[in-house]
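Counting in this note's numbering, the sequence shown runs from 669 upward without gaps. In this text, a Cβ means the ideal position worked out from N, Cα and C, and glycines have one as well. Source: prediction; values computed, not measured.
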Amino acid sequence: MVQNPPATSIWGNRLIQALGTDIAPQDLTQIQAGTQIISIAPGTSFWQSSTSEPGLYVVLAGKVRLFDLHGNRIATLG
Numbered sequence: 669m670v671q672n673p674p675a676t677s678i679w680g681n682r683l684i685q686a687l688g689t690d691i692a693p694q695d696l697t698q699i700q701a702g703t704q705i706i707s708i709a710p711g712t713s714f715w716q717s718s719t720s721e722p723g724l725y726v727v728l729a730g731k732v733r734l735f736d737l738h739g740n741r742i743a744t745l746g
């Protein structure tokens, strides 16, 4: 599910908490303008290096498992 970020400080606070650093309000506004918030069901693949657009992905909850092209797990984050 894709959502546009809400125009509230809750979104900004969660991003600042996830990144572990303060973000200037004008920078936060610019980041928010180009951001999509997505929810992914557990076990669902949402990004592949050969077919997906590059970008910055911030995991706010849960964990991410990274696999190589042969399906071997190379890391678990979160």
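DSSP three-state assignment for residue i, whether helix, strand or coil
{"i": "ALA675", "result": "Confidence in ALA675 is poor, its pLDDT being 46 and thus under 50, which makes the residue's placement unreliable; the coordinate value appears in the next sentence. If DSSP states are grouped into helix, strand and coil, ALA675 belongs with coil."}
{"i": "LEU724", "result": "coil"}
{"i": "THR744", "result": "strand"}
{"i": "ILE708", "result": "coil"}
{"i": "LEU734", "result": "strand"}
{"i": "GLN716", "result": "coil"}
{"i": "ILE691", "result": "coil"}
Cβ shell of residue i (< 7 Å), same chain only, five flanking positions each side left out
{"i": "ASP695", "result": "none"}
Cβ-Cβ separation, residue j to residue i (assumed contact under 8 Å), whole Å
{"i": "THR744", "j": "ARG733", "result": "5 Å"}
{"i": "GLY746", "j": "GLY730", "result": "6 Å"}
Beta-carbon proximity list for residue i, same chain, < 6 Å, skipping 5 on both sides
{"i": "PHE714", "result": "ILE708"}
{"i": "ASN681", "result": "none"}
{"i": "LEU728", "result": "ARG682, ALA686"}
Close Cβ partners of residue i (< 8 Å) along its chain, the five nearest in sequence each way excluded
{"i": "ARG741", "result": "ARG733, LEU734, PHE735"}
{"i": "ILE678", "result": "none"}
Can you find at least 3 beta carbon pairs, one from the region 680-695 and one from the region 710-724, that sit closer than 8 Å? In short, these stretches do not touch, since the Cβ pair count stays below three.
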